[in-house]
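One structure is given below, encoded as structure tokens.
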Amino acid sequence: MSAVLPETGLGAEGEVGPRPSRVGFMRRLFRERPSALVGGALLLLFLLVALLSKWIEPYPIDAQVGPVFGPPSASHWFGLDDSGYDMTSLLIEGTKVSLIVGLAATLVSMVIGGGVGIAAGYFGGGVDTALMRVTDYFLVIPDIPLMIVLAALFGSSLFNIVLVIGIILWTGTARVIRAQVKSVRQRVYVDRAASLGAGHLRLIVRHILPQVAPLLIANTVLTVAVAIFDETALSFLGLGDPTKVTWGSIIEHAFDRSAISVGAWWTLVPAGLCVSVLTIACYLLGQAIEDALNPRLKVAHLSARGFRLRPLVGAGRRAL
Amino acid sequence: MSLERPIAGSRAAAADLPADRPADRPLLEAHDLVVDYPIRRGLVGAMRREPQQHVRAVDGVSLTVAKGEMLALVGESGCGKTTTARAVLRMLEPAAGTLRFGGEDITHLPAKALRQLRRRMQLIYQDPYESLDPRFRVHATMEEPLAIHGVGDRAERRQRTRDALERAGLAPPDLYLDRYPHELSGGQRQRVAIAAGLVLEPELLVADEPASMLDVSVRAGVLALLTRLRQEADLGILMITHDFSTAAHFADRIAVMYLGRIVEEGPARTVVNAPAHPYTRALLSAVPPRNPRERRIPEILKGEPPDPTAIPRGCRFHPRCPLVQEQCPTIDPALRPVPSSGPDAGRHRAACVLV
Amino acid sequence: MSLLEVRDLHVWFELGHGRELHAVQGVDLTLDQGERVGLVGESGCGKTTTILAVMGLLPPNASVAGEVLFDGENILRRGEETVAAYRWKDLAMVFQGAMNALNPVKTVGWQLREPMQLHGVASGARADARARELLGLVGLPASAADRYPHEFSGGMRQRATIAMALACDPKVLLADEPTTALDVMVQAQILQLLVELTERLGLTLLLVTHDLPVVAQLCQRAAVMYAGTLAEAGPIDQLYHQPRHPYTRLLFAATPDIYGEDDVQWIRGAPPRLDRPIPGCPFQPRCDRAFAPCPTERPPLRVVGPAHRAACHLNDLDSEVQPSAGAGSRA
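Residue numbers (the numbering used here), protein chains in the order written: chain F, 1 to 320; chain A, 1001 to 1355; chain Z, 2001 to 2331.
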């Protein structure tokens, strides 16, 4: 005994209603939300730089090619660091490694978080309670001290860093995914598929995941930002892989070698800016996707004070 | 059976049932079904080992649905009719009582066998938009049951899908196969849902308020479809509804539920024209007639609609009954035959001391 | 003079990309004091939009043309400016599903006092007393003022929303599907309440619903809407026994009557889209009596009897009398 649904669609004339598509969603997203466009473009830029790093680094990253702390110039856009290495090349290399770590750690966290979230949300009951308690414990542990301890214990190869960050980050994803899965699980069409005899796998993969995927994507984008920030922090604290160049290690080097007292801002600021800009880009894109997915924001509200008056020109059917 | 079949869902259609009485060909039989819902205890309660409390949503319901017959289960919200429907489909396990389908006892069937059973009985949901996955095109929704049960190859599934769409009144089927649910009207979506139920060629359909969320001008079309399926395919249909008028026009038999029990049942016309239970009478009187010249004074029951967590002693209905007798707070009457002569004698029963 | 008169009301909704939905296309209604009038139609016909326009509660992408005269004054004359003065004090509305939209963290009494305080009708102890009075008026105990919505059943919450609408003593009550989500027994109680209120308080009621039997029992007159326009309007008795528009006839025929033996009918097809102009009669594609002028000429709303109007070309044919509900042909 609920509301009666509108009787629209294919009428007697066989009219067609509008068709949706995933392509349509993306187009709409970028058209209606310029922030998504900006964020996406910036991310793409960073990705391209990382992918093409081998070919666009102007100088080798481990050879002295100029004076120590050389300032930015036409041949060295971002100057030189404390050992005379070209900053531009270092930054490009750092982009590559930071992104690798960020994406890999995000993948780890998505797999764990997604798995936990789906299991908890789908099965509910005891499974849910148990998994959520575990999640809560991980949530409560402070990130940076944990990273310090783990890095100190297990050494700081890139692989370990990725694992450490992944372990920290999965909890946020797990919670968000669990909520969404729980909500979709209760929808009538899922119940119906279950009543037809569909097994768990089919229900999750064919009915629940498609509804959860967009949120998962938004969450992934946001997680990348945090992963890269965490990696930067780790490296800055000296716990990163000393053999690899990342934005964090560049900043750490600069601090270590007292670049500021020499006034060599170009060894510090650009790397920091890269982290900031990438974080902003991820947030812009991720938030835009989340907002686009949020149905509540799209509902037309009964707002008074809004409507406009039109003068009636002509009468009846021919009215303007 | 006569060769001439009326097209729309009319009263005359019911007379076309086979000469042998429907009760001789039972498809579904439920005896004294009891279904409990646990009340949430919370972590502390569970740790303290407090006894699990239950709401007894269905308390001793017996019904039968024969092949080619439509039984309407009528009642207000909270009476347990939806729970009964789900129990019948074994989507819930009854706490007590027995269920037989096609002669076989399915009361405690294990999960594997249940899957097989699901091919033979299908549920049609109330909300035609929510019941179809919005990301599935019509053909995907319809082929899914076939895929789940491993029926046929692609070509055969496509053919079955087309056939089912046509049987559901959606012709030509090719016009609908690639559509998404939101491109279809409410009535069309409900027909798709019914077609998706038909694709496995079930023997029993359980329809939960199949037309209540559709526009008035479209309802009879969907209900007439169910009637036609009943006749053509000998399908048994259990229809849950709160709308007495719909039940009166389309169902063969009506069972009225109140607080988890059936209080009256019998041939549709008999229950509507000669209700024996005071609750049925009150409900019928409250339905507004569509003819403005007919003035019906509703018998408004005192008190609030009852709460299944606080079931009255004796006859469940007695606190609100306009004809309450002395013994009603102490006696819990069973269904007893309503005395009458005529062809329906013995098939009309009510649970009231006054019968 | 009528208490409320709607003249040639049009409502458009902007859909973006230059497209517009013409949701209400020239609706006329009159209500005299103390009357109960029904506005009937299926979903999407524009009935809710019509009463929202009367209350001035349309969203920013809506534009309105036409007049709404309350006691002779056009309350839409300067849009929000003018209509705000009438809202809740002269015209009140019970929204669809309102009983589920009560504020869960405020007591019923608080929610009753709020409109009084906001519109300067009463405050403090007086508001409290009046709130309890209103509760009594709708059949709820005065103690309900101190309870929360979740403590009440659906029917009681609906009574509370009616009381809230009456808080500032309006003359006209617009009720949008007030009983649709309720059990038939509770529906009967609410309908009885509405009759009492109109008779005891001299309240005027415009009942918007898709449920024809409710209108048949409760209202003296009714207007049937289809695709944003009026198909027919007149005394409810006439609409049932002598409908002058096929849609009215078919709508009654599609409504089952418990004791009736006739076939229940249905109408194939669906209402037309309102985002493009419709040449001819909007019901024509689904009509069982459509003939030559129907696809190309819009039938104007013309008088077909005392206080009875219909928009159908069939009424222009001299000796054509349409069969009444129950004997209609199949669509």
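Backbone N, C-alpha and C fix where the C-beta goes; we use that ideal spot for every residue, glycine too.
Contact between residue 1220 of chain A and residue 2264 of chain Z holds: their C-beta atoms lie close to 4 Å from each other, under 8 Å.
Residue 2037 of chain Z sits buried, since 16 or more C-beta atoms from the chains shown fall within 10 Å of its C-beta.
Cα atoms of residue 1327 of chain A and residue 1315 of chain A: separation of roughly 9 Å, rounded to the nearest angstrom. Excluding residues up to 5 positions away in sequence, 61, 81, 245 and 250 lie with their Cβ nearer than 7 Å to the Cβ of residue 90 of chain F in the same chain. For residue 1122 of chain A, the three-state secondary structure derived from DSSP is strand. Look at the beta carbons and you see the segment 2221-2240 of chain Z touching the segment 2046-2054 of chain Z: at least three pairs across the two are nearer than 8 Å.
Between residue 2117 of chain Z and residue 2075 of chain Z, the alpha-carbon positions lie close to 23 Å from each other. Around residue 1166 of chain A, the same chain offers 1173 as residues with beta carbons nearer than 6 Å, after the five sequence neighbours per side are excluded.
Counting the other CB atoms within 10 Å of its CB gives residue 2283 of chain Z a total of 16 or more, which places it among the buried residues. Below the 7 Å Cβ cutoff, chain F contributes 197 as neighbours of residue 1115 of chain A, in chain order.
Annotation: residue 1064 of chain A to residue 1200 of chain A spans about 22 Å, alpha carbon to alpha carbon.
In the DSSP annotation of this structure, the continuous segment of the beta strand (DSSP E) that includes residue 1100 of chain A starts and ends at 1096-1101.
When secondary structure is reduced to three states using DSSP, residue 2022 of chain Z falls in the strand class.
Nearest Cα to residue 2191 of chain Z within the set Z:2289, Z:2009, Z:2215 and Z:2034: Z:2215. Restricted to the segment 1218-1252 of chain A, the beta strand (DSSP E) segments that are unbroken, complete and at least 3 residues in length are 1236-1241, listed in chain order. The alpha-carbon separation between residue 1100 of chain A and residue 166 of chain F amounts to approximately 53 Å. DSSP places residue 157 of chain F outside both helix and strand once states are collapsed to three, so it counts as coil. DSSP places residue 2070 of chain Z in the strand class (E or B) of the three-state scheme. Contact of residue 310 of chain F with chain Z is assigned, a C-beta pair being separated by under 9 Å. Contact of residue 1272 of chain A with chain Z by beta-carbon distance below 9 Å involves 2258 and 2259. Taking C-beta separations shorter than 6 Å and ignoring five residues to either side along the sequence, the partners of residue 2092 of chain Z in its chain run 2165, 2170 and 2173, following chain order. Interface flag for residue 2268 of chain Z against chain A is set, since a Cβ pair is found closer than 9 Å. With contact defined as three or more Cβ pairs closer than 8 Å, the segment 1239-1251 of chain A and the segment 1200-1215 of chain A are in contact. Under the Cβ criterion of 9 Å, residue 30 of chain F is not counted among the residues facing chain Z.
Put simply, the CB of residue 1219 of chain A is near chain Z, with a gap under 9 Å to one of its CB atoms. The beta carbons of residue 283 of chain F and residue 40 of chain F sit no closer together than 9 Å. Using a CB distance cut-off of 9 Å, residue 1156 of chain A does not count as an interface residue toward chain F. Selection Z:2108, Z:2057 and Z:2066 evaluated against residue 2083 of chain Z yields Z:2057 as nearest (Cα-Cα). Residue 138 of chain F and residue 171 of chain F do touch by the CB rule: their CB atoms are close to 5 Å apart, below 8 Å. Contact of residue 2064 of chain Z with chain F is assigned, a C-beta pair being separated by under 9 Å. In the displayed model, residue 1272 of chain A falls within a helix according to three-state DSSP. Judged by their CB atoms, residue 2010 of chain Z and residue 206 of chain F are not nearer to each other than the 9 Å cut-off.
Look at residue 1204 of chain A here: in three-state DSSP terms it is strand.
Going by beta carbons, residue 1187 of chain A and residue 1215 of chain A fall inside the 9 Å limit. In the three-state scheme derived from DSSP, where H, G and I count as helix and E and B as strand, residue 2291 of chain Z is classed as coil. Within the same chain, and ignoring the five residues on either side of residue 229 of chain F in sequence, the residues whose Cβ sits closer than 8 Å to its Cβ are 275 and 279.
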